[in-house]
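For reference, the structure is listed below as structure tokens.
2 protein chains.
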Amino acid sequence: MHQHHVHPGGERALEQLVARVPLFAQLSDSELAEVARRVVPHSHPRNTQLYGAGERNASLMIIHSGLVKIYRITAAGHEQVIRILGPGDFLGESTFVDRSAADHFAVTLEKSDICSLQHDDLHAYLLSFPSVAVKMLETLSRRLAVTENQLSSMAGDDADHRVAAYLLAVSASDQTDRLRLPITKKDVASLLGLTPETLSRKLAHFEDSGWISLHPARVIELHDKPALSLL
Amino acid sequence: MHQHHVHPGGERALEQLVARVPLFAQLSDSELAEVARRVVPHSHPRNTQLYGAGERNASLMIIHSGLVKIYRITAAGHEQVIRILGPGDFLGESTFVDRSAADHFAVTLEKSDICSLQHDDLHAYLLSFPSVAVKMLETLSRRLAVTENQLSSMAGDDADHRVAAYLLAVSASDQTDRLRLPITKKDVASLLGLTPETLSRKLAHFEDSGWISLHPARVIELHDKPALSLL
DNA sequence: CGTGCGATTGAGTAAGTTCAATCGGGGTGG
DNA sequence: CCACCCCGATTGAACTTACTCAATCGCACG
């Protein structure tokens, strides 16, 4: 696999990059410089598999730009989307803390600039810079809360409810009523625990009811958010 | 609410207690003593709510003995079991790392001895004893993996598959083919994203097929594990 | 510019839920 | 310590929702 360095210019740009990562937000300039020395930036084309189930990747990856899909292959053999990661997020931590093989796949959905940090180096940073460990704890805890939310939603809510809740969540994070789905509807369906057919039907139903408008390029306009939240 | 101290005897016993908690496994004797000084032990009767959604409990709780159920109330208004915690596990960390209110409930399923540690103290320990932070990371990461497993299982696998997988998991952790369900079937059903009726039918079906035997007191005997894993 | 994959729509099916009634066991109170 | 009683467990029947299979459409990536 051929990979290119990001910002071949020099260390300075790399340091700027590292400083913008939430994980290292609390570090001082000198500490940042130390981290920057060990971090290796790479640019990955769209649809690149970063690691797969069964692999024992040896690095923590930090997304600078782009989008990464985390998914599993179920016993029945089909893909189940777990989570979508974007700029500032990290992945590959599960094989670091467990020391076992990954049970999921990570693939880029767009061209993505990603920094890698060897597990050994990360371990050292966790011990010397406690704020990094605390930040990781915060992130994992939040991920856990989100995943638990997905779980109870899939167990207890019907399809309409889940679709509406997803649209409202994207709308809230984008701060707009005219949102663009970050991923394909197929992936949205998987994330919500639905088939693409069902998602398509629910969205059509919402549009018929006058609550939303469907536009090309995965753009959806929300007209009646109260109606959606009442589902 | 009235609570009693565990081991009113003295500090020494408390230190022994703390030493057995995985979270503090790596600490030296002097460090353990320091932790033990801040930890407050309590004994809770069965069916005691430790904290609820909306509350902002200010302590990390560590289970010494007993069983705790973590659950949510879904939009539809029914209880969704998220996870069961036992001796050595901790809870209440979500309100520590986020600084927001809990979105779930914690209730004892048996009489439970639980140590509390103020969030402020925990924060101090995380900074001074990095191994504690790393241990918390490991735990949260594993919980995340388990929850993701539940998620993809609920999305992709049918009821038979989930029930069989659960029986095999309990059997594996108990190291026996004659297992006792740690929780009521009602709670098992919720954990698996099923109704109690469906779980009951699946178990009856398994028994009819000769794969298991159902006994009183939630005891189940597995006769044909290969058959169960093939579902 | 072509093509392959995602999206949509339709019809039929099957799985699990819901509602209801009964049974049984373990926990609580006397 | 025992008996009562409540709640969990079980079983039955009808239903409903989302899935499956299939065919067509259209956009977007290469």
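First to last, the sequence lines map onto chains A and B. So for the first sequence, the numbering used here puts the first residue at 1; every next one is plus one. So for the second sequence, the numbering used here puts the first residue at 232; every next one is plus one. In this text, a Cβ means the ideal position worked out from N, Cα and C, and glycines have one as well.
For a contact meaning CB atoms closer than 9 Å, what does arginine 142 of chain A contact in chain B?
-> Ser325, Val328 and Asp329
Inter-residue Cα distance where the pair is phenylalanine 437 of chain B and arginine 409 of chain B = 15 Å
Which full runs of the beta strand (DSSP E) of 3+ residues lie inside the region 354–442 of chain B, going along the chain?
-> 409–411
Among B:Ser402, B:Tyr356, B:Pro318 and B:Ala403, the one whose alpha carbon lies nearest that of leucine 263 of chain B = B:Tyr356
Throw me the rounded Cβ distance for the arginine 287 of chain B and alanine 332 of chain B pair, which I believe falls under 8 Å.
-> 5 Å
Does the Cβ of arginine 20 of chain A have 16 or more other Cβ atoms within 10 Å, making it buried, or fewer, making it exposed?
-> Counting Cβ neighbours within 10 Å, arginine 20 of chain A comes out exposed, since fewer than 16 surround it.
Burial state of histidine 5 of chain A (16 or more Cβ within 10 Å) = Low local confidence applies: a pLDDT of 45 at histidine 5 of chain A is under 50, so the model's placement there is unreliable, with the coordinate-based value given in what follows. That one is exposed.
Shortest alpha-carbon distance to histidine 104 of chain A belongs to which of A:Gly88, A:Lys69 and A:Val132?
-> A:Lys69
Name, please, each residue of chain A whose Cβ falls closer than 7 Å to the Cβ of histidine 273 of chain B.
-> Within 7 Å Cβ-Cβ: nothing; histidine 273 of chain B doesn't reach chain A, min ~24 Å.
Quick one: any contact between the region 75–90 of chain A and the region 385–392 of chain B, if contact means 3 or more CB pairs under 8 Å?
-> yes
If you count every other CB in all the chains shown that lies within 10 Å of the CB of alanine 164 of chain A, and 16 or more means buried, which is it?
-> buried
Looking at the structure shown, is proline 226 of chain A part of a helix, part of a strand, or coil, going by DSSP?
-> helix
In angstroms, rounded to a whole number, what distance separates the CA positions of threonine 147 of chain A and isoleucine 313 of chain B?
-> Cα to Cα, the separation comes out at about 10 Å.
Does DSSP put alanine 109 of chain A in a helix, a strand or coil?
-> Looking at the sequence itself, residue 109 of chain A is leucine, so the reference to alanine does not match. Correct three-state label for leucine 109 of chain A: coil.
Bridge-paired residues (DSSP) for leucine 60 of chain A | A:Leu117
Using DSSP with H/G/I as helix, E/B as strand and the rest coil, what is leucine 231 of chain A?
-> Secondary structure at leucine 231 of chain A: coil, using DSSP grouped into helix, strand and coil.
For isoleucine 82 of chain A, decide whether its Cβ has a neighbour in chain B, counting only Cβ atoms nearer than 7 Å.
-> At least one chain B Cβ lies under 7 Å of isoleucine 82 of chain A.
Proximal residues of chain A, C-beta to C-beta of glycine 319 of chain B below 8 Å | Those within 8 Å of glycine 319 of chain B in chain A number zero; the least Cβ separation is about 17 Å.
Three-state class that DSSP yields for histidine 4 of chain A in the structure shown = In this predicted model, histidine 4 of chain A has a pLDDT of only 45, less than 50, meaning its place in the structure is not dependable; the value taken from the coordinates is given anyway. Histidine 4 of chain A: strand per DSSP, three-state reduction.
Answer yes or no: does any C-beta atom of chain A fall closer than 7 Å to that of serine 259 of chain B?
-> no
Mind reading off the beta-carbon distance from serine 30 of chain A to leucine 67 of chain A? Whole number of angstroms is fine, and I expect it under 8 Å.
-> The Cβ separation is near 32 Å, so there is no contact.
Arginine 142 of chain A to alanine 376 of chain B, Cα distance in whole Å?
-> 14 Å
Helix, strand or coil: which one does DSSP assign to glutamine 26 of chain A?
-> coil
Closer than 7 Å, CB to CB, is glutamate 369 of chain B near chain A or not?
-> yes
Check glutamate 93 of chain A in the structure and name its three-state DSSP category.
-> The answer is coil: DSSP assigns glutamate 93 of chain A none of H, G, I, E or B.
Roughly how many whole angstroms lie between the Cα atoms of tyrosine 51 of chain A and leucine 340 of chain B?
-> Put simply, the backbone Cα of tyrosine 51 of chain A is about 40 Å away from that of leucine 340 of chain B.
For valine 450 of chain B, which of helix, strand or coil comes out of DSSP?
-> strand
Measure from the alpha carbon of serine 94 of chain A to the alpha carbon of each residue in B:Gly424, B:Val365 and B:Val401, then state which is nearest.
-> B:Val365
Going straight from the alpha carbon of serine 213 of chain A to that of histidine 42 of chain A, what length do you get?
-> 39 Å
Closer than 9 Å at the beta carbon, the chain A residues around aspartate 351 of chain B | Residues of chain A with a Cβ closer than 9 Å to the Cβ of aspartate 351 of chain B do not exist, since the nearest Cβ in that chain sits about 14 Å away.
Cα separation between glycine 441 of chain B and glutamate 265 of chain B?
-> 55 Å
Between the region 32–57 of chain A and chain B, which residues of the former have a C-beta closer than 8 Å to a C-beta of the latter?
-> Within the region 32–57 of chain A, no residue has a Cβ that lies closer than 8 Å to any Cβ of chain B.
When the cut-off is 7 Å and only beta carbons count, does valine 338 of chain B lie next to chain A?
-> no
Please report how far the alpha carbon of valine 132 of chain A lies from the alpha carbon of asparagine 149 of chain A, in whole angstroms.
-> Their Cα atoms are separated by approximately 26 Å.
Contacting positions in the region 61–76 of chain A - beta carbon closer than 8 Å to chain B | Arg72, Thr74, Ala75 and Ala76
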